[in-house]
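Note sheet for the following structure.
There are 2 protein chains.
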Amino acid sequence: MPTIKDVAERAGVSVTTVSRVLNNRGYISEATRKKVYQAMEELDYQPNEVARSLFRKKSNIIGLIVPTVAHPFFAELTAYLETYAYSRGYKVLICNSQLDASKEQEYIWMLRRNQVDGIIMASHTLEVEEYKKLDLPVVAFDRFISKRIPYVTSDNYQGGRLAVELLLERGCKQIAHMCGSLHLDMLANQRHRAFMDVAEERKVPYFTVETDINVFEVEKYEELLSDLLTEHPDIDGLFLNSDIMAIAAMKVCRKLGKRIPQDIKIIGYDDVSIASLVSPQITSIRQPLAEMSELSVRLIEALLEGKPVEVENCLPVQLMERETT
Amino acid sequence: MPTIKDVAERAGVSVTTVSRVLNNRGYISEATRKKVYQAMEELDYQPNEVARSLFRKKSNIIGLIVPTVAHPFFAELTAYLETYAYSRGYKVLICNSQLDASKEQEYIWMLRRNQVDGIIMASHTLEVEEYKKLDLPVVAFDRFISKRIPYVTSDNYQGGRLAVELLLERGCKQIAHMCGSLHLDMLANQRHRAFMDVAEERKVPYFTVETDINVFEVEKYEELLSDLLTEHPDIDGLFLNSDIMAIAAMKVCRKLGKRIPQDIKIIGYDDVSIASLVSPQITSIRQPLAEMSELSVRLIEALLEGKPVEVENCLPVQLMERETT
DNA sequence: ACCCATGTGTTAACCGGTTGACATATATTG
DNA sequence: CAATATATGTCAACCGGTTAACACATGGGT
Numbered sequence: 017m018p019t020i021k022d023v024a025e026r027a028g029v030s031v032t033t034v035s036r037v038l039n040n041r042g043y044i045s046e047a048t049r050k051k052v053y054q055a056m057e058e059l060d061y062q063p064n065e066v067a068r069s070l071f072r073k074k075s076n077i078i079g080l081i082v083p084t085v086a087h088p089f090f091a092e093l094t095a096y097l098e099t100y101a102y103s104r105g106y107k108v109l110i111c112n113s114q115l116d117a118s119k120e121q122e123y124i125w126m127l128r129r130n131q132v133d134g135i136i137m138a139s140h141t142l143e144v145e146e147y148k149k150l151d152l153p154v155v156a157f158d159r160f161i162s163k164r165i166p167y168v169t170s171d172n173y174q175g176g177r178l179a180v181e182l183l184l185e186r187g188c189k190q191i192a193h194m195c196g197s198l199h200l201d202m203l204a205n206q207r208h209r210a211f212m213d214v215a216e217e218r219k220v221p222y223f224t225v226e227t228d229i230n231v232f233e234v235e236k237y238e239e240l241l242s243d244l245l246t247e248h249p250d251i252d253g254l255f256l257n258s259d260i261m262a263i264a265a266m267k268v269c270r271k272l273g274k275r276i277p278q279d280i281k282i283i284g285y286d287d288v289s290i291a292s293l294v295s296p297q298i299t300s301i302r303q304p305l306a307e308m309s310e311l312s313v314r315l316i317e318a319l320l321e322g323k324p325v326e327v328e329n330c331l332p333v334q335l336m337e338r339e340t341t
Numbered sequence: 017m018p019t020i021k022d023v024a025e026r027a028g029v030s031v032t033t034v035s036r037v038l039n040n041r042g043y044i045s046e047a048t049r050k051k052v053y054q055a056m057e058e059l060d061y062q063p064n065e066v067a068r069s070l071f072r073k074k075s076n077i078i079g080l081i082v083p084t085v086a087h088p089f090f091a092e093l094t095a096y097l098e099t100y101a102y103s104r105g106y107k108v109l110i111c112n113s114q115l116d117a118s119k120e121q122e123y124i125w126m127l128r129r130n131q132v133d134g135i136i137m138a139s140h141t142l143e144v145e146e147y148k149k150l151d152l153p154v155v156a157f158d159r160f161i162s163k164r165i166p167y168v169t170s171d172n173y174q175g176g177r178l179a180v181e182l183l184l185e186r187g188c189k190q191i192a193h194m195c196g197s198l199h200l201d202m203l204a205n206q207r208h209r210a211f212m213d214v215a216e217e218r219k220v221p222y223f224t225v226e227t228d229i230n231v232f233e234v235e236k237y238e239e240l241l242s243d244l245l246t247e248h249p250d251i252d253g254l255f256l257n258s259d260i261m262a263i264a265a266m267k268v269c270r271k272l273g274k275r276i277p278q279d280i281k282i283i284g285y286d287d288v289s290i291a292s293l294v295s296p297q298i299t300s301i302r303q304p305l306a307e308m309s310e311l312s313v314r315l316i317e318a319l320l321e322g323k324p325v326e327v328e329n330c331l332p333v334q335l336m337e338r339e340t341t
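Listed in order, the protein sequences are those of chains D and V.
With the numbering used here as the guide, the letters of the first sequence map in order to residues 17 to 341.
With the numbering used here as the guide, the letters of the second sequence map in order to residues 17 to 341.
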């Protein structure tokens, strides 16, 4: 691969002059500038970002840690985030933690060794101590890590409220909420808080189903839902913590002969693309992934620039009413 | 961030000795080794991979270019590939080309500047010339770029055959295939070839529907399928080039009052997770994504080591028969 | 005539880590 | 006693690019 020395030789100037042209610093005549650009083109030269990173102590890389990018929510998050980050001059290293604390730790160390400019953490959090050591910008996504680490989230409580209120508005008399483990201190737990609050306000009987921490065993969703609906056949409204869970619920309802939405209404969460693709189309609480992604990257940039940032960055959700209600 | 000099000072040895310990080279006594490791731990030191990459001319980074990771197929591909690559000591830079040739070119340049060890290209191909210039390992995923660039694919022809033969076995009398643009020279076109071959062998009437190059406009799928099934209501078998298309087909069939699989049978492709999640579960031709991902990474490694590799790397597909047939 | 701006080159140090060559000291082996 | 192995340090160069300081030449303006 050609280096700056090769370009200097080809253009008949010094390495310093080539560097001046590359960085547009100092005095440079037009003739010299043209000569240098032409030499770069003839040699098919591109500056080595590794060398530049070493010198500038800035890699322009962001590390993104997700449970698994195979999950539609994290897939769409990654797509938005990488697209925005790239438009801001950043590259994204993708890391799948599989919600394994030791893998998460390994990835954090790897990202640190690779001098990433920042980390966006969308996975299970380690002990807070690990983050204190990091000495680089971290933004938590849909998670609260510590008072010192900014996080981007959407209004989970409002999302829960909107969902339950719609169920009640549509005439549901007995409702259930399926969510992740409430023992994990997740921001999404506020959806459940809202679910209970509204149900208790309106004196509507309700049930809660928690999945295990390994939240991506879809068969488990189906099993839990099947048990729930078998034990409580009068449940006529389901609020689920993801569209994937909602799809599982739809499947279970079909098996039990319950018509959607006539016999049972279903509301999912996230509003990933698949929600409007399946039939019936899923009513979902939409998290503004594009905006959340953009905000995450901007927070990383602000932290890099030493600017003060809000720790809590909460965006509104939106009810996308479709055919399952 | 602590450097090797800080470690040397803390341990009371020279920088060279620390480097010897880090790399396990030369003579090192146990006592010295322990001192150095203890100093690293006390200082929370981790070697700077940027500096190492510069010196070794090896970044241990693989660039993965996909059309969009938001698409379930590429999401699952990315998850498998990153997981395997990481287990082999590689990091993955994710790039979403949006099937835009100029973005693809930009990403290739960016990856080159960042001294990635190799590129796995799962997006729309640029002109072959661009790859000739690259001077780094490239593996094409489900694409043929040139005789010099190895590619990983699955047996598309066999996949097409399996699909059509199952439709016919299930009694279909009139079938249709929905695929991407056949003007693009894609390996997936062999599915269509097989579709036609079998239909013609068995003298079964058939139709073909091609989508535009921008293949992810799902509404377009629905529109094309709606038109097709309205114009040809006797079609009783659909073979679609992805599970996402299959889901769109299911939706259209519901709207037209066609029962699946009683009135019309549907077969998708890829066998992404969502295929078995929806109801009815989709019969799909399964591409072995885990194996294909692993093979892609191994090919990059072989190319890096200067080992000869096969240009064509074709893995078998598998018919996953479910409820839509 | 002097000062300032423009333009380019030379030199050296640096970013963090690696490594070869060689020096010095000590211990072990034949 | 000599040769070899072990152990550690010193020195310098390198990976590719950046940049400051200074030198030198030329031209323009006051």
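Built from N, CA and C at the ideal position, the CB exists for glycine as well.
Being a predicted model, the structure only gives us computed values, none of them experimental.
In this structure, the alpha-carbon of V327 of chain V lies about 15 Å from that of L152 of chain V. Ranked by Cα distance from R128 of chain D, the options D:S103, D:K73 and D:I165 are led by D:K73. When beta bridges are read from the DSSP output, K189 of chain D appears opposite no residue. For the C-beta of E339 of chain D, not a single chain V residue is nearer than 9 Å; the gap to the nearest is close to 10 Å. Judged by DSSP in its simplified three-state form, M308 of chain V adopts helix. Secondary structure of G105 of chain D (DSSP, three-state): coil. Excluding the 5 residues flanking it on each side, G42 of chain D has same chain C-beta neighbours closer than 7 Å at R36, in chain order. If only uninterrupted beta strand (DSSP E) runs of at least 3 residues are considered, those enclosed by the region 241 to 318 of chain D are 253 to 256, 281 to 286 and 299 to 302. With a minimum length of 3 residues, the unbroken runs of beta strand (DSSP E) contained wholly in the region 141 to 190 of chain V fall at 154 to 157 and 167 to 170. DSSP places V132 of chain D in no beta strand (DSSP E); its state is neither H nor E.
Note that the C-beta distance between I77 of chain V and K50 of chain V is not below 7 Å. When DSSP states are grouped into helix, strand and coil, M336 of chain V belongs to the strand group.
Shown here, M194 of chain D sits in a strand according to DSSP, grouped into three states.
Counting C-beta pairs closer than 8 Å gives fewer than three between the region 311 to 331 of chain D and the region 141 to 149 of chain D, which falls short of the contact rule. Under the three-pair Cβ rule at 8 Å, the region 218 to 230 of chain D does not count as touching the region 279 to 291 of chain D. The C-alpha of N257 of chain V lies about 27 Å from the C-alpha of S258 of chain D. If you ignore the 5 residues before and after E339 of chain D, its C-beta comes within less than 6 Å of the C-beta of P296 and Q297, all in its own chain and listed in chain order. Residues of the region 165 to 183 of chain D whose Cβ lies closer than 8 Å to any Cβ of chain V: none. Between I136 of chain V and V155 of chain V, the gap from beta carbon to beta carbon is short of 7 Å. In terms of Cβ geometry, G176 of chain D and A210 of chain D form a close pair [threshold 7 Å].
DSSP, reduced to helix, strand and coil, places E238 of chain D within a helical segment of the structure shown. Distance between N40 of chain D and S30 of chain D, taken at the CA atoms: about 15 Å. Looking from the CA of L109 of chain V, the closest CA among D:Y53, D:D201, D:R68 and D:V132 belongs to D:V132. Close partners of I260 of chain D in chain V (Cβ separation under 9 Å): S289, I290 and L293. Put simply, the backbone Cα of L319 of chain V is about 32 Å away from that of F90 of chain D. Between the region 301 to 315 of chain V and the region 272 to 282 of chain V, the count of C-beta pairs closer than 8 Å stays below three; the two stretches do not touch. Contact holds between the region 260 to 273 of chain D and the region 235 to 249 of chain D, because three or more Cβ pairs, one in each stretch, are under 8 Å apart.
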